[in-house]
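Letter by letter, the sequence shown follows residues 40 to 243 of my numbering.
For glycine and all other residues, C-beta sits at the position ideal for the given N, C-alpha and C.
To start, the structure itself, in structure tokens.
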Amino acid sequence: MNYILHCIDLLGTFVFALSGATLGVKKQFDILGIFVIAMVTAIGGGVIRDICISATPPAGLVSGEYLVAVMLAVVCVCFFQTIILSFNRSSLFFDAVGLGFFSSFGANKVFQATGNVQLAILLGCVSAVGGGCMRDVLAGDTPVIFRQEIYASAALIGAGIEVCGAAGMMAQQYSIWLSIAICMLIRLLSLHYGIKLPRVTYHQ
Numbered sequence: 040m041n042y043i044l045h046c047i048d049l050l051g052t053f054v055f056a057l058s059g060a061t062l063g064v065k066k067q068f069d070i071l072g073i074f075v076i077a078m079v080t081a082i083g084g085g086v087i088r089d090i091c092i093s094a095t096p097p098a099g100l101v102s103g104e105y106l107v108a109v110m111l112a113v114v115c116v117c118f119f120q121t122i123i124l125s126f127n128r129s130s131l132f133f134d135a136v137g138l139g140f141f142s143s144f145g146a147n148k149v150f151q152a153t154g155n156v157q158l159a160i161l162l163g164c165v166s167a168v169g170g171g172c173m174r175d176v177l178a179g180d181t182p183v184i185f186r187q188e189i190y191a192s193a194a195l196i197g198a199g200i201e202v203c204g205a206a207g208m209m210a211q212q213y214s215i216w217l218s219i220a221i222c223m224l225i226r227l228l229s230l231h232y233g234i235k236l237p238r239v240t241y242h243q
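What follows is the structure in structure tokens.
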């Protein structure tokens, strides 16, 4: 199971880096800018999570595997951008995939380290949305979680499902995949049907 979780973490890193690199290409960043925004998107949330649970130095900053995953994503976007960018709303699709992977892995890692359900769910969400928030700020956009979209709430649900598995309330070999699938499905369905959170209207 530890090997599976590690593979999920690396795969999440890769798809989040794809999301960041894709946005960098669309924003016409140079190659360094594309790499930086891909790196921040891929490991930003995990770095925040690891600092919060005192797992320092953060794995994303010291492990060469994460760097290789980011570099591979950048190479894919640079050399196969016609294929990657041909996907409809490709950066949002990759973001949804990464959201599912990171919310699940993040929640599991925090619960294994602390045994605290509330902290595991919250930091599982942070793992999933933190890098995307940094990406949007660097790109000059309003972070997705502030735009009424079903984003952080999907990550919270995914993290909650995985914590149920980590806590022994369901088989973990099923909970982790269910967590990823449900989180991705909620995000993608909300995008497809335009489902948004209610907004509080400001009255002057």
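* Asked: Taking Gly-207 as the reference, which of Ile-196, Gln-151 and Leu-224 has the closest Cα?
  -> Translated into positions along the sequence shown, residue 207 becomes position 168. Measuring C-alpha to C-alpha distances from Gly-207 to each of Ile-196, Gln-151 and Leu-224 identifies Gln-151 as the nearest.
* **Residue from Pro-97, Val-64 and Lys-66 with nearest C-alpha to Ser-166** => Position 127 of the sequence shown, counted from the first residue, corresponds to residue 166. Of Pro-97, Val-64 and Lys-66, the residue nearest in Cα terms is Pro-97.
* Which whole runs of the alpha helix (DSSP H) in the stretch 190-235 are 4 residues long or more, in chain order? -> Within the stretch 190-235, the runs of alpha helix (DSSP H) that reach at least 4 residues and sit entirely inside it are, in chain order, 191-205 and 211-232.
* Asked: Count the other CB atoms within 10 Å of the CB of Ala-70; is the residue buried (16 or more) or exposed (fewer)?
  -> Mapped onto the sequence shown, residue 70 falls at position 31. In the sequence under discussion, the amino acid at residue 70 is Ile, which differs from the Ala named in the question. Residue environment for Ile-70: exposed (fewer than 16 other C-beta atoms within 10 angstroms of its C-beta).
* Asked: Where does Gln-211 land, buried or exposed, given buried means 16+ other C-beta within 10 angstroms?
  -> For the purposes of this step, residue 211 is identified with residue 172 of the sequence shown, where counting begins at 1. Per the 10 Å Cβ criterion, buried.
* Tell me which same chain residues have a C-beta within less than 8 Å of the C-beta of Leu-236, skipping the five on either side of it? -> For the purposes of this step, residue 236 is taken as the residue at position 197 of the sequence shown. Within the same chain, Leu-236 has close Cβ partners Gln-187, Glu-188, Ile-189 and Ser-192.
* With distances taken from CA atoms, which of Asn-155, Ile-47, Ile-184 and Gln-243 is nearest Val-136? -> Residue 136 sits at position 97 when you count from the first residue of the sequence shown. Of the candidates Asn-155, Ile-47, Ile-184 and Gln-243, Ile-47 places its Cα closest to the Cα of Val-136.
* Asked: So the alpha helix (DSSP H) Tyr-241 belongs to, where does it begin and stop?
  -> By one-based count along the sequence shown, residue 241 stands at place 202. Careful: Tyr-241 lies outside any alpha helix (DSSP H) and carries neither H nor E.
* Comparing alpha-carbon positions, which option in Leu-100, Phe-140 and Thr-61 lies nearest Cys-117? -> As a working note, residue 117 is residue 78 in the sequence shown. Per the Cα distances, Thr-61.
* Expected contact under 8 Å - CB spacing of Ser-142 and Gly-163 to nearest Å -> For the purposes of this step, residue 142 is taken as residue 103 along the sequence shown, with counting starting at 1. For the purposes of this step, residue 163 is taken as residue 124 along the sequence shown, with counting starting at 1. That pair is a contact at about 5 Å.
* Asked: Assuming Asn-155 and Glu-201 make a contact with CB atoms under 8 Å, what is their CB distance in whole Å?
  -> On the sequence shown, position 116 is the one that residue 155 refers to. On the sequence shown, position 162 is the one that residue 201 refers to. With 8 Å as the limit, Asn-155 and Glu-201 do not qualify as a contact, their Cβ atoms being about 14 Å apart.
* Tell me, which residues are paired with Glu-188 by DSSP? -> Residue mapping note: residue 188 aligns to position 149 of the sequence shown, counting from 1. Per DSSP, the beta bridge partners of Glu-188 are Lys-235.
* To do: Using the Cα positions of Ser-102 and Phe-68, report the straight-line distance between them to the nearest angstrom.
  => Locating residue 102 in the sequence shown gives position 63, counting from the first residue. Locating residue 68 in the sequence shown gives position 29, counting from the first residue. Going from the Cα of Ser-102 to the Cα of Phe-68 covers about 26 Å.
* Asked: What distance in whole Å lies between the Cβ atoms of Gly-145 and Arg-88, which are believed to be in contact at a cut-off of 8 Å?
  -> What you label residue 88 is simply residue 49 of the sequence shown in a count that begins at 1. What you label residue 145 is simply residue 106 of the sequence shown in a count that begins at 1. Confirmed, about 5 Å.
* **Closest by C-alpha distance to Leu-111, when choosing among Gly-83, Ile-221, Ile-90 and Ile-73** => Position 72 of the sequence shown, counted from the first residue, corresponds to residue 111. Comparing Cα positions, the closest option is Ile-73.
* **Cβ distance (whole Å) where Gly-59 is taken to contact Arg-226 below 8 Å** => By one-based count along the sequence shown, residue 59 stands at place 20. By one-based count along the sequence shown, residue 226 stands at place 187. Actually they do not touch by this definition, with Cβ atoms about 17 Å apart.
* Between the Cα of Gly-99 and those of Gly-51, Ser-125, Tyr-232 and Ser-229, spot the shortest distance and give me the residue it belongs to. => Residue 99 sits at position 60 when you count from the first residue of the sequence shown. Closest by alpha carbon: Gly-51.
* Ala-244: which of Ala-194, Ala-205, Tyr-105 and Met-209 sits nearest, CA to CA? -> Because residue 244 is not part of the residues shown, which for the chain are 40 to 243, the question remains open.
* Grab the span of the alpha helix (DSSP H) containing Asp-89 for me, first residue to last. => Within the sequence shown, the letter at position 50 stands for residue 89. Note, Asp-89: alpha helix (DSSP H), 70-91.
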